[in-house]
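Here is the structure we will look at, set down as structure tokens.
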Ligand SMILES: [Zn+2]
């Protein structure tokens, strides 16, 4: 089957190999500057006393190291509901980091006068890890500095693996979608995982929004699973999230909301793994979501971007960056409201919602 999606992936693969070969020669890079997004993280925490900076780890590469930072905003009581935002697990998808950072910056401006927001941030926790793959960002690579694709590296195997490379491969770190060693996850992931499991096991409910940008013309919101085609146990909560958003923002036709396997199944999906880990030890509500921005939306408008690999995943024109940032703030605010209103904790028509979810997504 050679559909649009496969065509996109073939182009992706070709570009990946070309640019990665080029980049190998430059890996003795002079890191006189931190990636811009990491500077923004530091600025946000320096300028706002409400933003706590937590250093999860230092990621070493050659003779340099880059920090893995989390930002902690809002309530300090770990049992309160929590929204987690993560970005740049794939280093070339920096737009995700920038959406998160612009959102926090806007919150910090609003909190100076908006009493409702001040109250909201005493009732929920907001945690961000804007740059999960600092070396990927610095080197302008999808993978990390070891060539490992951090979304294929978790110890979860697809039950019906696609033969395509993009399902995750163990052939070579020179090819994309390299799994690395799933039994010994990369440092970025072990630190992110441990930190977030601590959070999700204490918080009454946690929603994670992991921001990516890829091929396609639609913005998609994916929920587990990526490694098999069965529904998650809390499918009614995902259905409710989807339905309330559609109901509340009827003119906002942006997201295709679906389980990730509708697009493809993969090995090593980090959020599948995090989901399984969480529910092994906790019954608290936990809903990881992946926002996959359809980058063709901006590539179509600026075909010159096809000439540069990293720009394929990141809009280059300032007005387009602003538009992408603005477009998703509704969703981020919505997720905070869902948590604050304890919507997921008070479902009384679980069977009915499950039924509808199964009809919609698992016919
Ligand atoms: Zn991605």
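In the numbering used here, the protein residues as written are 816 to 1178.
Glycine included, every Cβ here is placed at the ideal spot set by N, Cα and C.
When we look at the beta-carbon of residue 1180 and count the other beta-carbons within 10 Å, is it buried (16 or more) or exposed? With the chain covering 816 to 1178 only, the question about residue 1180 has no answer from this structure.
Tell me which same chain residues have a C-beta within less than 8 Å of the C-beta of residue 1173, skipping the five on either side of it? 1046 and 1050
Is residue 1010 helix, strand or coil by DSSP? helix
Where residue 1037 sits in the DSSP three-state scheme: strand
Cβ-based neighbour list, residue 1147, same chain, cut-off 6 Å, excluding 5 preceding and 5 following: 918
Contained alpha helix (DSSP H) runs [length at least 4] in the region 887-919, N- to C-terminal order: none
So residue 1059 is in the beta strand (DSSP E); what residue range does that whole segment cover? Taken as a continuous stretch (DSSP letters only), residue 1059 belongs to no beta strand (DSSP E), being part of the alpha helix (DSSP H) at 1050-1063.
Buried or exposed: residue 1052, going by 16 or more other Cβ atoms within 10 Å of its Cβ? buried
Rounded to the nearest angstrom, what separates residue 1170 and residue 1123 at their Cα positions? 45 Å
Contacts around residue 873, its chain only, beta-carbon distance under 8 Å, and the 5 residues preceding and following it disregarded: 880, 881, 882 and 883
Rounded C-alpha distance that separates residue 913 from residue 974: 35 Å
Can you tell me whether residue 908 sits near ligand 1, meaning its C-beta is under 6 Å from at least one heavy atom of the ligand? yes
Contact the region 934-947 vs the region 898-908: 3+ CB pairs below 8 Å: yes
Mapping DSSP to helix, strand and coil, what is residue 853? helix
Let's see if you can read the secondary structure: which residues bound the alpha helix (DSSP H) around residue 949? 949-953
Residue 1101 bridges to which residues according to DSSP? 1021
From what residue to what residue does the alpha helix (DSSP H) around residue 1172 run? 1165-1176
Thinking C-alpha only, which one of 889, 1101, 1166 and 1027 is nearest residue 966? 1027
Measuring CB to CB, does residue 923 end up less than 7 Å from residue 861? no
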